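First up is the structure itself, then whatever we jot down about it.
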Amino acid sequence: MSFLSRSLLFLLICLLTSIASAHDKPNIIVIMADDMGYGDVSCYGATELTTPNIDKLASEGMRFTSGYCSASTCTPTRYSLLTGNYAFRTKGTGIAPPNAPAIIKPGTETIASLLKKADYQTAVIGKWHLGLGGADGPDWNGQLNPGPLEIGFDSCFLLPTTNDRVPQVYVQNHKVLNLDPKDPLWVGRKKPSEDHPTGITHRDTLKMDWSHGHNSTIHNGISRIGFYTGGHAARFRDEDLADKWVEKSIEFMEANKEKPFFLFFSSHDLHVPRMPHERFQGKTKLGFRGDSIIQLDWCVGELMKTVDRLNLSEDTIIVFCSDNGPVMDDGYKDFALEKLGNHKAAGPYSGGKYSVYEGGTRTPFITRWKGHIPSGVSDEMVCTIDLAASFASMVEVKLPKEACIDSFDVSAALLGEADAKGREHLIQQDNGSSWTFGLRVGDWKLQRHERKSSRNKNVGQQLANTKVPEFQLFNLTKDPAEKTNVIEKYPQVAKAMKEKLNLLIVAGRSRFGE
Ligand code: NG6
Ligand code: CA
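In my numbering, the protein residues as written are 1 to 514.
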């Protein structure tokens with residue numbers, strides 16, 4: 001072989017290896033919105049506001065019309081996203097209170113621990129809401145351990161619970177950031193003293209009034225769920241959260257630009273209390289709920305800009321999703337409902353947060369990887385619970401049999417490959433009742449509701465106070481809003497769907513085989 005052909009061969013090998021390694025180990029950014037519905041962004045049909053950055057992500061990648069989260073509240077969806085297990089299989093995975101211990105136990109395989117096996121640097125930045133600490137809950141003044149670092153994350157920068165719950169402090173790795181030991185942080189369920197100001201005793205001082213619950217300790221003019229004292233130097237302003245997540249994410253990406261990284265960007269927008277930065281307040285006619293969407297869109301833009309600036313756009317897959325569907329009044333009088341106008345937060349779907357109607361879990365879902373994912377729209381069914389198995393497959397990490405038991409490898413669909421299939425069936429849960437579920441298979445949707453109608457008050461605002469039959473069957477293609485129950489008309493379909501739901505639950509797992 002001549003020198004020239006040897007050099008050419010060498011160059012070819014180098015080129016192929018670099019293509020292979022870029023393809024094998026892209027950086028992964030999962031951006032999870034909080035309480036964002038299918039219709040809340042303009043690329044999914046919103047007309048009352050525009051989300052140019054999220055739209056750009058969609059136009060440069062794949063926009064899924066059947067993208068889901070696995071539950072219609074926050075904690076169970078996040079539990080499932082990280083573990084790849086349906087949350088209803090594990091007790092204690094419903095909405096976590098302020099002093100909840102770590103819900104995902106050390107040793108559990110997670111997206112982060114799987115990616116660590118492929119040498120990723122892993123971080124979670126933003127809302128956690130999966131508990132911290134051992135059985136006694138978080139030791140706010142000591143080591144907040146276990147937490148994300150014990151389940152595969154190299155670093156974390158967190159809002160520990162959700163911001164309508166106390167305390168308003170950042171957690172960096174195992175510590176509350178900027179905590180002054182002379183002013184210890186106490187968090188509890190009972191009023192700490194008779195004269196402790198609350199949303200009830202000092203209601204006229206609040207900058208945003210509460211509508212239900214959320215009337216305990218006041219911080220930054222907003223009363224919360226739960227009580228706390230101390231930790232004053234550590235407390236943040238609600239208005240600054242989004243900026244902080246972006247700042248910390250940029251730091252993380254810059255520090256890890258040479259290695260493959262996994263960033264879970266866990267936004268608090270548009271969860272209550274909706275208190276966007278002053279520069280976003282009034283940007284939409286929809287009130288602070290709309291303004292929070294604009295703030296989140298800005299965050300997405302900043303992340304995309306950073307990826308571009310670091311020259312990583314062709315080495316980075318970005319997934320945009322939400323943790324549950326929309327809600328208007330979730331405890332504060334921020335006039336989301338009054339200012340809604342023609343905005344349809346759940347798009348064509350019914351229900352929303354807390355609901356097993358489509359609006360509870362069918363949400364925006366976008367994947368972008370420049371040069372790898374074609375731009376287009378996919379109707380394949382994909383769910384946040386599938387990201388664990390799909391990423392593991394993309395980076396060639398073998399899933400242990402007992403891990404990620406409900407997570408399917410839908411990586412080909414996520415990458416927009418021609419003829420790739422998504423998942424065949426999906427169980428939709430609410431916050432974790434033992435009987436209420438949705439099951440989607442193809443065009444069909446079965447709903448199974450608690451026989452006691454008191455439970456049904458949680459099926460979503462549009463349906464509140466409606467008595468719902470125990471079983472309902474809908475054809476989603478003909479009736480996306482789940483208005484016409486066709487269970488009497490299709491008894492065979494209903495029977496098969498009921499059996500399938502039951503089987504998927506009692507089997508204890510839905511991913512079988514290697
Ligand atoms: C509910 C809260 C709601 C919200 C939700 C959690 C009341 C009356 N309602 O219990 O305001 O905090 O929990 O939302 O307190 S989630 O998106 O984090 O799951
Ligand atoms: Ca949520």
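Every residue, glycine too, gets a C-beta built ideally from N, C-alpha and C.
Computed from a predicted structure; not experimentally measured.
Assign residue i to one of three DSSP states: helix, strand, or coil.
| i | result |
| --- | --- |
| C383 | strand |
| T122 | strand |
| F280 | coil |
| T367 | strand |
| L463 | At L463 the pLDDT is 48, less than 50, meaning the model places this residue with poor confidence and gives no usable figure here. |
| K500 | helix |
| W435 | coil |
| Q168 | coil |
| Y228 | strand |
| A58 | helix |
| A346 | coil |
| W140 | coil |
| D330 | coil |
| A336 | coil |
| A96 | coil |
| G188 | strand |
| M36 | coil |
| K244 | helix |
| S80 | helix |
| G376 | strand |
| G301 | helix |
| G290 | helix |
| A20 | At A20, the pLDDT of 43 sits below 50, so the modelled position is not reliable; the number obtained from the coordinates is stated separately. Of the three classes helix, strand and coil, the one that applies to A20 here is helix, per DSSP. |
So the candidates are the options; which of them puts its Cα closest to the Cα of residue i?
| i | options | result |
| --- | --- | --- |
| I104 | K116, G67 and L82 | L82 |
| D479 | Y349, V272 and L312 | Y349 |
| K283 | D330, A33, I28 and E48 | E48 |
| G188 | L439, D136, V382 and P491 | D136 |
| L179 | N163, H232 and I218 | H232 |
| Q121 | N53, A33, P160 and I28 | I28 |
| N342 | K333, W369, K305 and K285 | K285 |
| E278 | S267, K182 and D291 | D291 |
| E302 | P52, I225 and T361 | P52 |
| M304 | E60, G39 and S42 | E60 |
| A521 | Y332, L144, M381 and R362 | The first residue shown for the chain is 1 and the last is 514, placing residue 521 beyond what the model contains. |
| Q295 | L312, M275 and T306 | M275 |
| R165 | W210, F153 and L144 | W210 |
| S223 | T229, G230 and H214 | H214 |
| V506 | G442, S434, T477 and H449 | S434 |
| A112 | T436, E417 and A392 | A392 |
| Y38 | G67, M32 and K25 | G67 |
| M36 | G422, N475, R289 and R451 | R289 |
Buried or exposed: where does residue i fall if 16 or more other Cβ atoms within 10 Å of its Cβ makes it buried?
| i | result |
| --- | --- |
| K457 | Its pLDDT being 47, under 50, K457 is placed unreliably in this model, and the value from its coordinates should be taken loosely. Exposed, because fewer than 16 other Cβ atoms sit within 10 Å of the Cβ of K457. |
| P364 | buried |
| D195 | exposed |
| S72 | buried |
| A242 | buried |
| I568 | Nothing about residue 568 can be read from this structure; the chain reaches only from 1 to 514. |
| F512 | exposed |
| D204 | exposed |
| E488 | exposed |
| V410 | buried |
| E258 | exposed |
| K344 | buried |
| Q461 | Below a pLDDT of 50, predicted positions are generally treated as unreliable, and Q461, at 44, falls in that range; the measurement from the model is reported next regardless. Per the 10 Å Cβ criterion, buried. |
| P273 | buried |
| S510 | buried |
| S375 | exposed |
| G94 | buried |
| T162 | buried |
| H449 | buried |
| S454 | Low confidence applies here, because S454 scores a pLDDT of 47, under 50, leaving its location unreliable and the question unanswered by this model. |
| A389 | buried |
| D40 | buried |
| A33 | buried |
| H212 | exposed |
Between residue i and ligand 3, is there a pair consisting of the residue's CB and a ligand heavy atom that are separated by less than 7 Å?
| i | result |
| --- | --- |
| H343 | Looking for ligand 3 in the displayed structure turns up nothing; the ligands present are ligand 1 and ligand 2. |
How about residue i: is its C-beta nearer than 8 Å to some C-beta of chain B?
| i | result |
| --- | --- |
| A345 | In summary, chain B is missing from the structure at hand, where a single protein chain is found. |
Segment contact flag, the segment 77-88 with the segment 334-344, C-beta cutoff 8 Å, min 3 pairs: The segment 77-88 is not in contact with the segment 334-344.
Pocket of ligand 2 (residues with CB nearer than 5 Å to any heavy atom), chain order: Those satisfying the condition are, in chain order, D34, D35, C74, D323 and N324.
Is there contact between the segment 74-83 and the segment 310-328, where contact requires at least three CB pairs shorter than 8 Å? In short, these stretches touch, since the Cβ pair count reaches three.
Cβ contact check for the segment 375-388 and the segment 400-411: 3 or more pairs under 8 Å: Contact between the segment 375-388 and the segment 400-411 is present, because at least three Cβ pairs lie under 8 Å.
Is it a yes or a no for the segment 219-238 touching the segment 116-133, going by three-plus beta-carbon pairs under 8 Å? Contact fails: fewer than three Cβ-Cβ distances are below 8 Å.
How do the segment 350-364 and the segment 429-443 stand: do at least 3 beta-carbon pairs fall below 8 Å, yes or no? With the cut-off at 8 Å, the segment 350-364 and the segment 429-443 touch.
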